[in-house]
Amino acid sequence: MTISEYIAAIDETRRSAYERLLTTVTNALPEGFVCIMQYDMPTFVIPKELYPAGYHVTPELPLPFLSIGVQKNHISLYHLGLYADPALLEWFVAEYPHHVSTKLNMGKSCIRFSNINKIPYTLIEELVSRQSVDDYIKLYESNQP
Numbered sequence: 001m002t003i004s005e006y007i008a009a010i011d012e013t014r015r016s017a018y019e020r021l022l023t024t025v026t027n028a029l030p031e032g033f034v035c036i037m038q039y040d041m042p043t044f045v046i047p048k049e050l051y052p053a054g055y056h057v058t059p060e061l062p063l064p065f066l067s068i069g070v071q072k073n074h075i076s077l078y079h080l081g082l083y084a085d086p087a088l089l090e091w092f093v094a095e096y097p098h099h100v101s102t103k104l105n106m107g108k109s110c111i112r113f114s115n116i117n118k119i120p121y122t123l124i125e126e127l128v129s130r131q132s133v134d135d136y137i138k139l140y141e142s143n144q145p
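Just so you know, full-length UniProt numbering puts the end of the sequence shown at 145, numbered straight through with nothing missing.
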């Protein structure tokens, strides 16, 4: 499945919000990240040309950074930098209520947006711009066993 096919398969009620989130992330990410289909959703990765070691779990795959998926009841943003960087996570959790009136719904690296009218695009833009490819590689390597 291509990224275009993935987007086309999203129900019309959520497609516009999804496309806006994907565009926001694409435009805000620092140079070097590439969007591909990985894990059955659009995923921003560090290509093997920039990080030949790949993802430690599956070294033949490029290093994943962020994925955006549509689930049954929400749009999900999977940001692995949040999982690996406690300071970034703390900043995001503190900033979230200043941007949206709804309660933050997230797991270790997954931010869930159940109300598509309450996606904090400007906060997401700032979040994804905070880690460069080099920053994320250093963070990733420092968290390896």
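Even for Gly, the Cβ is constructed at its ideal location relative to N, Cα and C.
Note that the structure is a prediction, hence the values are computed from the model and not measured.
Length of the line joining the Cα atoms of residue i and residue j
i, j, result
"D135", "R15", "31 angstroms"
"Y6", "L22", "12 angstroms"
"Y78", "P52", "22 angstroms"
"P30", "W91", "19 angstroms"
"G107", "A17", "21 angstroms"
Cβ neighbour criterion (16 or more within 10 Å) applied to residue i
i, result
"A8", "exposed"
"S67", "buried"
"P42", "buried"
"D40", "exposed"
"S76", "buried"
Within 7 angstroms, strictly: CB atoms of residue i and residue j
i, j, result
"L61", "G54", "yes"
"L82", "S114", "no"
Counterpart residues of residue i in DSSP-defined beta bridges
i, result
"S76", "G69, R112"
"V45", "V34, P64"
"Y55", "T58"
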